[in-house]
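Asks:
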DNA sequence: AAAATGGATACTGAATACAGTATACAAAAA
DNA sequence: TTTTTGTATACTGTATTCAGTATCCATTTT
């Protein structure tokens with residue numbers, strides 16, 4: 004009988020608090036003006052302030068929250084300039100992933116990517132949140148497939164920064180027919196085995212949504 | 004008389020601890036087997052454990068330290084696979100910076116880059132640490148010049164991960180004559196105004212040092 | 001009415017205490 | 001000798017307390 008080693012890393016409350024806050028932001032449960040106050044959250048969650056603080060400091064470090072002059076932490080206000088820079092950063096990460104995958108040209112990985120795209124674009128209830136998650140999942144699979152932990156980590160950080168805004172998911176209508184074509188063509192460009200073609204295709208795909216994103220943010224404010 | 008607004012952000016002890024530990028790692032004052040124990044560091048620095056803990060958790064989050072099964076935190080052991088991935092991640096970030104700079108083609112920025120290269124390669128005492136810092140500073144200036152906070156942040160994170168190994172600074176001899184030519188040619192490729200040329204040049208420059216780096220790491224263990 | 005002042009309050013950052021967990025090591029058993 | 005067991009110790013993660021700081025708001029002054 005082969006017994007499986009029991010994982011002994013102790014879960015930290017701070018990690019769970021971090022995830023809960025991130026999830027709440029994404030669900031729209033935390034508004035722009037809401038202040039996340041350590042003592043209050045501690046009372047709500049019935050734990051001490053310490054892990055709350057650790058989680059909040061980490062969310063601040065990750066660029067998702069800012070400490071507020073009135074106390075507590077608020078969702079980071081993102082500027083147009085920052086959005087532009089995030090799009091450039093995305094192009095760097097996801098463009099590199101495309102290059103790596105094009106060079107590798109692994110048929111199984113490409114098939115897996117196509118399967119993910121088909122599955123994720125089968126959104127049952129078209130809310131902006133669902134669209135954001137589907138889009139993130141699709142793009143994330145490209146990174147996962149190129150098996151580079153750092154690119155994945157940077158990808159997650161970029162997308163987490165936009166979680167309060169559904170950044171990168173700005174569309175005029177909740178209509179996936181346009182998106183469907185676009186993602187598959189990315190896989191096609193990777194299948195071309197030409198890293199430059201693949202990267203340019205991904206970069207163009209990313210850049211296309213930039214202006215629409217700025218409009219969406221303007222409407223929000 | 005115009006009075007300057009006094010910065011009111013309260014400095015945190017944790018931030019200073021973070022910097023001190025990073026500096027100590029870079030200086031080689033912390034060895035691979037050294038365990039950074041919260042209580043001990045608190046006694047050494049004559050402060051409470053709390054900011055120590057905050058700094059250590061952040062260094063862990065940044066991938067620079069791992070928590071040790073024997074207690075405390077140790078310098079993260081980096082594998083060949085991780086080095087490979089870091090090189091790819093660098094190529095993504097620095098390659099994108101080159102593209103941005105090539106498109107922009109700002110004469111002042113290029114001149115500033117050249118000045119930095121000349122200054123940094125004027126190392127008075129050729130130690131591996133000095134070489135690492137000079138190399139980092141040169142490469143960092145490319146990122147700074149493209150004015151993208153996220154690329155800069157990711158750049159710093161990548162380089163900080165290698166601080167305990169002088170990663171990206173593996174050379175056969177402490178001789179900068181080779182390095183001098185290489186960095187200037189990067190600026191030249193950016194001056195060509197062709198983003199693909201610029202990026203390919205930077206990526207090749209980065210990739211060239213990869214095998215040498217693996218050898219240096221093997222010798223160290 | 002607008003600006004300045006003063007004090008209460010909210011909240012933070014750090015210090016300290018407590019309880020739990022994992023490792024190391026000595027002693028006992030096979 | 002090797003393996004197992006028990007216990008002490010080191011260290012962590014969390015809870016609680018303390019002291020300092022900044023903001024808010026009411027009151028006073030201009």
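Residue numbers (this note's numbering), protein chains in the order written: chain D, 4 to 224; chain S, 4 to 224. The C-beta atom is built at its ideal place from N, Cα and C for all residues, glycine as well.
1) To the nearest angstrom, report how far apart residue 80/D and residue 23/S are at their CA atoms.
2) Examine chain D for any beta-carbon lying closer than 8 Å to the beta-carbon of residue 153/S, and answer yes or no.
3) Hey, does residue 89/D have any beta-carbon neighbour from chain S nearer than 8 Å?
4) At 7 Å on the CB atoms, spell out the chain D contacts of residue 187/S, in chain order.
5) Quick check on this structure: which residue in 60/S, 153/S, 143/S has the alpha carbon closest to the alpha carbon of residue 115/S?
6) Leaving out the 5 sequence neighbours to the left and right, which residues in its chain are closer than 6 Å to residue 226/S when beta-carbon positions are compared?
7) CA-CA distance, residue 56/D and residue 70/D?
8) Given residue 217/S, which residues of its chain have a CB within under 7 Å of its CB, disregarding the five upstream and five downstream residues?
9) Expressed to the nearest angstrom, what Euclidean distance is found between the alpha-carbon atoms of residue 192/S and residue 95/S?
10) Using a cut-off of 7 Å between C-beta atoms, extract the partners of residue 2/S located in chain D.
11) Under 8 Å between C-beta atoms, does residue 99/S make it to chain D?
12) Express the C-alpha separation of residue 132/D and residue 182/D in angstroms, rounding to a whole number.
13) Shorter than 8 Å from the beta carbon of residue 61/S to some beta carbon of chain D?
14) Residues of chain D with a CB under 7 Å from the CB of residue 199/S: which are they?
15) Out of 113/S, 135/S, 104/S, which one is the CA nearest neighbour of residue 123/S?
16) Can you tell which of 39/S, 33/S, 59/S, 30/S has the C-alpha that lies nearest to the C-alpha of residue 17/S?
17) Pull up the distance between the alpha-carbon of residue 161/D and that of residue 158/S, whole angstroms please.
18) I'd like to know whether the C-beta of residue 64/D is nearer than 8 Å to at least one C-beta of chain S.
19) Between the Cα of residue 225/D and the Cα atoms of 196/D, 137/D, 121/D, 21/D, which residue gives the shortest distance?
20) Answer with buried or exposed for residue 215/D, where buried requires no fewer than 16 other C-beta atoms within 10 angstroms of its C-beta.
21) From the beta carbon of residue 103/D, is the nearest beta carbon of chain S less than 8 Å away?
22) With distances taken between CB atoms, is the gap from residue 198/D to residue 106/D smaller than 8 Å?
23) Have a look at the DSSP bridge pairing and note the partners of residue 191/D.
Replies: Answer, in terms of the structure:
1) Computed Cα separation, rounded: 31 Å.
2) So, interface residue.
3) For residue 89/D, the answer is yes, since a Cβ of chain S falls inside 8 Å of its Cβ.
4) Result: empty, since nearest Cβ-Cβ is about 24 Å, beyond 7 Å.
5) Measuring C-alpha to C-alpha distances from residue 115/S to each of 60/S, 153/S, 143/S identifies 143/S as the nearest.
6) Because residue 226/S is not part of the residues shown, which for chain S are 4 to 224, the question remains open.
7) Put simply, the backbone Cα of residue 56/D is about 11 Å away from that of residue 70/D.
8) Only 83, 86 meet the Cβ criterion.
9) Roughly 17 Å between the two C-alpha positions.
10) No answer is possible for residue 2/S: the residues shown for chain S start at 4 and end at 224.
11) With its beta carbon less than 8 Å from one in chain D, residue 99/S belongs to the interface.
12) Here the model assigns residue 182/D a pLDDT of 49, short of 50, so the residue's position is not dependable, and the following value carries that caveat. CA-to-CA, the gap between residue 182/D and residue 132/D works out to about 15 Å.
13) Yes, residue 61/S lies at the interface with chain D (some Cβ there is under 8 Å from its Cβ).
14) 199, listed in chain order.
15) Here the closest residue by C-alpha is 135/S.
16) The candidate whose alpha carbon is nearest that of residue 17/S is 59/S.
17) Going by the C-alpha atoms only, they are around 14 Å apart.
18) So yes, residue 64/D belongs to the interface.
19) Residue numbering for chain D in the displayed model covers 4 to 224; residue 225/D lies beyond these limits and cannot be assessed.
20) With fewer than 16 other Cβ atoms within 10 Å, it is exposed.
21) Taking Cβ atoms only, chain S reaches closer than 8 Å to residue 103/D, which makes this a yes.
22) Contact check for residue 198/D against residue 106/D passes: the beta carbons are separated by less than 8 Å.
23) Partner(s): none; residue 191/D has no beta bridge.
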